[in-house]
Amino acid sequence: MKNNTVTMHERDMQKVSVNQRIGKIIALVLVYAFLIFMAIAVLFPFYWMLNSSLKSLDEYRQSVPTFWPKKVLFSNYATAFTKANLGRLFMNTLYVGLVSTILSLVITVLSAFAFARLEFKGKNVLFAALLATMMIPGELFTITNYITVSNFGWKNTYTVLIVPFLVSVFYIYLLRQNFLQIPNELYLAAKVDGTSDIKYLWKVMIPLSLPTLISITILKMMGAWNSYIWPRLVANDEAHQMITNGLRNAFTETTGDVNYPVQMAAVAIVSLPLFLVFVFLRKYIMKGVSRSGIKG
Amino acid sequence: MVESKQQWKAWLYLSPAIVLLLVFTVWPIINTVRMAFLEDYSGLEAIGGRVFTFGIGNFAKVIKYKSFLKCLKNTVLLCVPTVLVSSFLALLIAVCLNSIKPLQKLLQTIFFLPYVTNSIAIGMVFAAMFNIVGNLGTKGHDIIVTAGIINNIIEFFGGHAVNWINAGSTYAANMTVMIIYIVWNALPFKILILLGGLQSINKQYYDAARVDGTSRTRIFSRITVPLLSPMIAYVVITGFIGGFKEYTSIVGIFGESMGPVHDSGRLNTMVGFIYDSLSRNRQGRASAAALILFVIILIVTLINLQVSKKKVHY
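From first to last, the protein sequence lines are chains A and B.
Our numbering puts the first residue of the first sequence at 314, with every later residue one more than the last.
Our numbering puts the first residue of the second sequence at 469, with every later residue one more than the last.
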């Protein structure tokens, strides 16, 4: 009798655990269904871009869309490349990106070093003032900067695309935090040995904060690649045009009867470098982004 | 001795940054405020020798301006729903991602992908997806029109095709497309932050709840959300700040006309208004609008901080 009740009880327990397990499985299926649905929604535009870019215009216009081109047409890419003058745009953007990244890194490293390691009057006030400027929306600066660069005679030069954005308070802040983690004793020891600041920076500080510097480099390059508003205002001539502006200008029509296969091929070409950065350097972007919230 | 040496060295190292900041950050703040308070200020006329009187006329004019009110309305209508929807979806996705093991890394990578894109370029892809495809018969060729892939999908599920962005499309349809695109664009950053927050929550809370037999929904509302609240607040605040500066995503889909063919400028935003005034050489008006934008962002941020002070558990 007693034995029986125990097994009854056990059976109840088993029933409960079976119910729980079924509930868990249903929940898991729902979770996966939701995530996979959202993942498809996220990926679909990329798929549609590639799919469309490989179709002929006639196939693209068919009343029933094909989900894979019947005849894969790579010639759209060649057409897009010449139509939007992408070669020139690539070179312009690469030049601006590289020069501004290098100069920006030098300025950022020197400033972060001063804030992290050196003692000087007004250091904290200055640093707080710098941080305060981060709250102001960039549009407020653009109005006056437009006048300033016009007065300098910088319109339609590379300078105008590089110089106004060399200093980023956020990058200085990021790198200063990193530098502060390196023990001060190392610096003092280096001083005793008669090592110069620059040598110490180069041999100790920079190698130790390399991940932050890589994050800054990637975000800065992506910034050049995605910049649109400022270049349109100040350097929209053919010789200095940046890639996003060139892309937008080459395909002004978005609705109606548009040759989308060629347009999508151009978009795919412009997206490719970003995609490669994503594949190989994702870790650094995620690290930089999660501390910034700044897009590009 | 060492102290004074450090003094001049520090200023030497800081000099490039300080010079650039003075020219491109500090001076603009002063000058933009100055231009905003000079009646009808225009850079061209200032060069011509015109003297402007001090006053708040720019602000009064901007606020009375019909096109400014339209831009403000568009900005708010794009900002509020996209921030709410994308924050909610991102939270849901992050919680789901955090609860699974197989495929977690792969899905996480996929969800981050839209972050690393060019918002003009992908805007063009969205325009292609929502566009009606084919020759509309304007050039005398055969008329082959399909409703576009999004409409094909809607029709597949039994719905009716919608004119999303073409000539004759409605404001509601245009806004829907914009909201979908902006949410798609905003998700990766939010998921990244929220998932990072979730992964740093101490597992002991969940173990304790499990021992007590707490239900899933209760665990979510009583443990996950409170402990994640600083991250949620961060994501919402940065979302609002970015949302009030919406501009390029609209250029991506509609081009610089900022609206469908029959009604250009329909979707213009605050930032768009500032640049329009600037290109018409109305720097006074542009500055006033920029200051209004700054104040709005400041107020929204302060309200957010106030709300989160009560709700956020640090």
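C-beta: ideal position from N, C-alpha, C; glycine also.
Margin query: Quick check on A:Leu-367: does DSSP put it in helix, strand or coil?
Written below: Against the first sequence, residue 367 of chain A aligns to sequence position 54. Three-state DSSP puts A:Leu-367 in coil, outside helix and strand.
Item checked: Beta-carbon spacing of A:Leu-479, A:Ser-413 below 8 Å -> Position 166 of the first sequence, counted from the first residue, corresponds to residue 479 of chain A. Position 100 of the first sequence, counted from the first residue, corresponds to residue 413 of chain A. Yes, the pair counts as a contact, with Cβ atoms nearer than the cut-off.
Checklist line | Any alpha helix (DSSP H) of 4 or more consecutive residues that is wholly inside the segment 704-729 of chain B | finding: 716-722
Notebook entry, point to check: Where in the segment 557-583 of chain A do unbroken runs of the beta strand (DSSP E), each at least 3 residues long, occur, reported from the N-terminal end onward?
Noted result: none
Next item on the list: Mind listing the chain A neighbours of B:Ser-755? Cutoff is C-beta to C-beta under 9 Å, in chain order.
Entry: The sequence position of residue 755 of chain B within the second sequence is 287, counting from 1. Simply Leu-453, Ile-456 and Thr-457.
Next item on the list: For B:Ser-776, return the contacting residues in chain A, with the cut-off set at a CB-CB distance below 7 Å.
Entry: Here the question's residue 776 of chain B lines up with position 308 in the second sequence. Going along chain A, no residue has its Cβ under 7 Å from B:Ser-776, so there is no contact; the nearest lies around 16 Å.
Margin query: Less than 8 Å between CB atoms is the rule here; does A:Ile-542 satisfy it with respect to chain B?
Written below: Working through the first sequence from its first residue, we reach residue 542 of chain A at position 229. Yes, A:Ile-542 lies at the interface with chain B (some Cβ there is under 8 Å from its Cβ).
Check: What's the C-alpha gap between A:Lys-600 and A:Ser-528?
Finding: Numbered from its first residue, the first sequence carries residue 600 of chain A at position 287. Numbered from its first residue, the first sequence carries residue 528 of chain A at position 215. Whole-angstrom Cα-Cα distance: 7 Å.
Next item on the list: Give the single residue among A:Pro-520, A:Ile-415, A:Gln-333 and A:Val-355 whose Cα lies nearest to the Cα of B:Ile-561.
Entry: Here residue 561 of chain B corresponds to residue number 93 of the second sequence, with the count starting at 1. Nearest C-alpha to B:Ile-561: A:Val-355.
Next item on the list: Measure the Cβ-Cβ separation of A:Ile-582 and A:Thr-406 and say whether it is below 8 Å.
Entry: Translated into the one-based positions of the first sequence, residue 582 of chain A becomes position 269. Translated into the one-based positions of the first sequence, residue 406 of chain A becomes position 93. Against a cut-off of 8 Å, the Cβ pair of A:Thr-406 and A:Ile-582 comes out as no contact.
Check: Is the CB-CB distance between A:Val-462 and A:Val-473 below 8 Å?
Finding: Looking up residue 462 of chain A in the first sequence gives position 149. Looking up residue 473 of chain A in the first sequence gives position 160. Going by C-beta atoms, A:Val-462 is nearer than 8 Å to A:Val-473.
Next item on the list: Using 10 angstroms around the beta-carbon of B:Ile-765, count the other beta-carbons present and answer buried if the total reaches 16, otherwise exposed.
Entry: In the second sequence, the residue the question calls residue 765 of chain B occupies position 297. Classification for B:Ile-765: buried.
Note to self: Is the beta carbon of B:Val-703 closer than 8 Å to that of B:Ser-555?
What the structure shows: The residue you call residue 555 of chain B lines up with position 87 of the second sequence. The residue you call residue 703 of chain B lines up with position 235 of the second sequence. Going by C-beta atoms, B:Ser-555 is nearer than 8 Å to B:Val-703.
Check: If we ignore side chains and look at the alpha-carbon of each, how far apart do A:Met-362 and B:Asn-586 end up?
Finding: Counting from 1 along the first sequence, the entry for residue 362 of chain A is found at position 49. Counting from 1 along the second sequence, the entry for residue 586 of chain B is found at position 118. Approximately 13 Å between the Cα atoms of the pair.
Notebook entry, point to check: Going straight from the alpha carbon of B:Thr-685 to that of A:Ala-579, what length do you get?
Noted result: The count along the second sequence starts at 1 and reaches residue 685 of chain B at position 217. The count along the first sequence starts at 1 and reaches residue 579 of chain A at position 266. Whole-angstrom Cα-Cα distance: 47 Å.
Next item on the list: Starting from the C-beta of A:Phe-454, find all residues in its chain whose C-beta is less than 6 Å away, skip the five residues before and the five after it, and write them out in chain order.
Entry: If you number the first sequence from 1, residue 454 of chain A lands on position 141. If we look at A:Phe-454 and ignore the five residues flanking it on each side, it has no Cβ neighbours.
Check: Between B:Leu-552 and B:Tyr-639, what straight-line distance do the alpha-carbon atoms span, to the nearest angstrom?
Finding: In the second sequence, residue 552 of chain B corresponds to position 84, counting from 1. In the second sequence, residue 639 of chain B corresponds to position 171, counting from 1. Roughly 21 Å between the two C-alpha positions.
Notebook entry, point to check: For the alpha helix (DSSP H) that contains B:Glu-623, what are its first and last residues?
Noted result: Along the second sequence, read from residue 1 onward, the residue named residue 623 of chain B stands at position 155. 617-624 is the extent of the alpha helix (DSSP H) around B:Glu-623.
Check: For the segment 571-588 of chain B, which residues have a CB atom closer than 8 Å to at least one CB atom of chain A, in sequence order?
Finding: Leu-571, Leu-575, Thr-577, Ile-578, Phe-579, Phe-580, Leu-581, Pro-582, Tyr-583, Val-584, Thr-585, Asn-586, Ser-587 and Ile-588
Notebook entry, point to check: Relative to chain A, which residues along the segment 680-714 of chain B have a C-beta separation below 7 Å, given in chain order?
Noted result: Thr-706 and Lys-713
Next item on the list: Identify every residue that forms a DSSP beta bridge with B:Thr-614.
Entry: The residue you call residue 614 of chain B lines up with position 146 of the second sequence. Per DSSP, B:Val-601.
Check: Is it right to say B:Leu-480 is buried, meaning 16 or more other beta carbons lie within 10 angstroms of its own, or is it exposed?
Finding: In the second sequence, the residue the question calls residue 480 of chain B occupies position 12. With fewer than 16 other Cβ atoms within 10 Å, it is exposed.
Check: Just the Cα atoms here: how many angstroms apart are B:Gly-608 and A:Glu-372?
Finding: Taking the first residue of the second sequence as 1, we reach residue 608 of chain B at position 140. Taking the first residue of the first sequence as 1, we reach residue 372 of chain A at position 59. For B:Gly-608, the predicted structure reports a pLDDT of 49, less than 50, and the residue's modelled location is therefore unreliable. A value from the coordinates is still provided. The straight-line gap from Cα to Cα measures roughly 19 Å.
Margin query: Taking the alpha carbon of B:Ala-478 as the reference point, which residue from A:Phe-588, A:Phe-426 and A:Gln-494 has its own alpha carbon closest?
Written below: By 1-based counting over the second sequence, the position of residue 478 of chain B is 10. Measuring from the Cα of B:Ala-478, the nearest candidate turns out to be A:Phe-426.
Check: By Cβ distance, which residues of its chain are closer than 7 Å to B:Val-530, with the 5 residues on each side in sequence left out?
Finding: For this step, residue 530 of chain B is matched to residue 62 along the second sequence. Phe-536, Arg-753, Ala-756, Ala-757 and Ile-760, listed in sequence order.
Item checked: CB contact below 8 Å: B:Gly-511 versus chain A -> For this step, residue 511 of chain B is matched to residue 43 along the second sequence. B:Gly-511 counts as touching chain A.
Notebook entry, point to check: If you count every other CB in all the chains shown that lies within 10 Å of the CB of B:Arg-518, and 16 or more means buried, which is it?
Noted result: Within the second sequence, the letter at position 50 stands for residue 518 of chain B. The residue in question, B:Arg-518, is exposed, as its Cβ has fewer than 16 Cβ neighbours within 10 Å.
Notebook entry, point to check: Going straight from the alpha carbon of B:Val-729 to that of A:Gln-333, what length do you get?
Noted result: Residue 729 of chain B sits at position 261 when you count from the first residue of the second sequence. Residue 333 of chain A sits at position 20 when you count from the first residue of the first sequence. Going by the C-alpha atoms only, they are around 57 Å apart.
Check: What does B:Phe-522 pair with, by DSSP beta-bridge criteria?
Finding: Position 54 of the second sequence, counted from the first residue, corresponds to residue 522 of chain B. Paired residue(s): B:Leu-506.
Margin query: With a threshold of 6 Å on Cβ separation, who are the neighbours of A:Pro-382 within its own chain once the five nearest residues in sequence on each side are excluded?
Written below: Against the first sequence, residue 382 of chain A aligns to sequence position 69. So the qualifying residues of the chain are Leu-367 and Lys-368.
Notebook entry, point to check: Applying a beta-carbon distance threshold of less than 9 Å, which residues of chain A neighbour B:Asn-736?
Noted result: Residue mapping note: residue 736 of chain B aligns to position 268 of the second sequence, counting from 1. Per Cβ cutoff of 9 Å: no residues; B:Asn-736 is ~14 Å from chain A at best.
Next item on the list: Would you mind listing the beta strand (DSSP E) stretches within the segment 474-508 of chain B that are 3+ residues and don't spill past its ends, in chain order?
Entry: none
Note to self: Classify A:Glu-452: buried if its beta carbon has 16 or more other beta carbons within 10 angstroms, exposed otherwise.
What the structure shows: The count along the first sequence starts at 1 and reaches residue 452 of chain A at position 139. Buried, by the Cβ-count rule.
Checklist line | B:Val-584 and A:Val-590 closer than 8 Å at C-beta | finding: Here residue 584 of chain B corresponds to residue number 116 of the second sequence, with the count starting at 1. Here residue 590 of chain A corresponds to residue number 277 of the first sequence, with the count starting at 1. Cβ distance < 8 Å, so B:Val-584 and A:Val-590 count as in contact.
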